[in-house]
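Below is one structure, written out as structure tokens, with a few remarks after it.
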Amino acid sequence: MARLTNLLGALGVAATLAGLAFGLPAIDRSLPAERAIRSDEPYLIGAGVTVVPPAGAALDVTGTRPADDDGTVLFRLGPVKYAIVVRPFDGDLGAAAERLRKRIVDTTGYQVTGAQLEVSTAGGLAGLQGGYTAPGRGGRYAVFVADGHTIEVTISGNDLDLGRTLPQIEASTRTLRQSGGQR
């Protein structure tokens with residue numbers, strides 16, 4: 002009788018583990034990666050940095066990782082990706098821009114195009130912006146430095162979709178704020 006009880010217990014544990022191993026990933030795959038998000042209030046990315054998402058944007062939870070001292074958010078406007086990454090950094094704006102440009106060109110097939118231009122946000126953050134190309138895609142980038150962090154913005158999509166959504170995304174980028182002191 003004790004063997005039967007042990008066998009049933011072991012089978013129960015094995016069934017539970019199998020359910021977790023196969024059931025949870027199946028449930029995860031069945032849930033959409035994109036979530037509706039409000040475009041009338043700031044979204045906290047991390048390290049006190051917020052942005053107001055563009056109207057019609059969806060939050061892609063597969064590329065979003067908020068945290069206290071850093072963070073990443075990925076919005077989608079149809080096929081266009083709008084990503085913002087906040088991470089600790091102890092250099093100046095020029096070094097931050099060079100680091101982002103290097104990361105872009107280190108990706109196979111990607112190249113930076115044109116000159117960098119100065120950009121600023123409504124909250125007073127000064128930054129640099131530019132463009133890049135990739136096979137079948139174009140993109141824009143901007144970088145800001147505030148309170149010991151870089152704020153890197155990358156936007157990518159095909160030319161037609163980018164042209165249609167870029168004004169909304171640029172307006173959203175101008176809402177970037179760093180509240181300072183939050184770590």
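Our numbering puts the first residue of the sequence shown at 2, with every later residue one more than the last.
Here a beta-carbon is modelled for each residue, glycine too, at the ideal position from N, C-alpha and C.
Whole-angstrom distance between V50 and G132, CA atom to CA atom: Your numbering for residue 132 matches position 131 in the sequence shown. Your numbering for residue 50 matches position 49 in the sequence shown. Each residue's alpha carbon lies about 23 Å from the other.
8 Å contact criterion, which T151 and R88 should meet: CB distance rounded: The sequence position of residue 151 within the sequence shown is 150, counting from 1. The sequence position of residue 88 within the sequence shown is 87, counting from 1. Between R88 and T151 the Cβ distance is about 6 Å, and since that is below 8 Å, they are a contact.
At least 3 beta-carbon pairs within less than 8 Å: the segment 84 to 103 vs the segment 145 to 163: Verdict: yes, contact present.
Residue environment, T109, which counts as buried when at least 16 other CB atoms sit within 10 Å: Start at 1 with the first residue of the sequence shown, and residue 109 comes out as number 108. Exposed, by the Cβ-count rule.
Alpha-carbon spacing of L167 relative to V14, whole angstroms: For this step, residue 167 is matched to residue 166 along the sequence shown. For this step, residue 14 is matched to residue 13 along the sequence shown. Put simply, the backbone Cα of L167 is about 53 Å away from that of V14.
Start and end residues, alpha helix (DSSP H) containing T174: Reading the sequence shown from its first residue, position 173 is the one you call residue 174. Residues D160 to T174.
Per DSSP, cross-strand counterpart(s) of F76: For the purposes of this step, residue 76 is taken as the residue at position 75 of the sequence shown. Bridge partners of F76: L60 and Y83.
Distance between D69 and R138 (C-alpha atoms, nearest Å): Taking the first residue of the sequence shown as 1, we reach residue 138 at position 137. Taking the first residue of the sequence shown as 1, we reach residue 69 at position 68. Their Cα atoms are separated by approximately 33 Å.
Residues of its chain near Q179, where Cβ-Cβ distance is below 6 Å and the 5 sequence neighbours each way are ignored: Within the sequence shown, the letter at position 178 stands for residue 179. Here Q179 has G49, V50, A147 and D148 as same chain residues with Cβ atoms under 6 Å from its own Cβ, once five neighbours each way along the sequence are excluded.
Cutoff 7 Å; reference Q117; Cβ partners in own chain excluding five residues on either side: By one-based count along the sequence shown, residue 117 stands at place 116. Taken in chain order, the residues that qualify are A98, L129, Q130 and G131.
G72 and I46 closer than 8 Å at C-beta: Locating residue 72 in the sequence shown gives position 71, where the first residue counts as 1. Locating residue 46 in the sequence shown gives position 45, where the first residue counts as 1. One thing to note: G72 has its Cβ within 8 Å of the Cβ of I46.
Length of the line joining the Cα atoms of P67 and N7: Walking along the sequence shown from the start, residue 67 turns up at place 66. Walking along the sequence shown from the start, residue 7 turns up at place 6. In a straight line, the C-alpha of P67 is about 45 Å away from that of N7.
C-alpha gap between S121 and Y111, whole angstroms: The residue you call residue 121 lines up with position 120 of the sequence shown. The residue you call residue 111 lines up with position 110 of the sequence shown. Approximately 25 Å, taken between the alpha carbons.
Bounding residues of the alpha helix (DSSP H) (the contiguous stretch that carries E99): Numbered from its first residue, the sequence shown carries residue 99 at position 98. Its alpha helix (DSSP H) spans residues L94 to V106.
Contact check, E153 vs L78, beta carbons under 8 Å: Translated into the one-based positions of the sequence shown, residue 153 becomes position 152. Translated into the one-based positions of the sequence shown, residue 78 becomes position 77. In this structure, E153 sits away from L78, with a CB-CB distance that is not shorter than 8 Å.
Assigned exposure category for V106 - 16 Cβ within 10 Å defines buried: To locate residue 106, count along the sequence shown from 1; it is residue 105. V106 comes out exposed.
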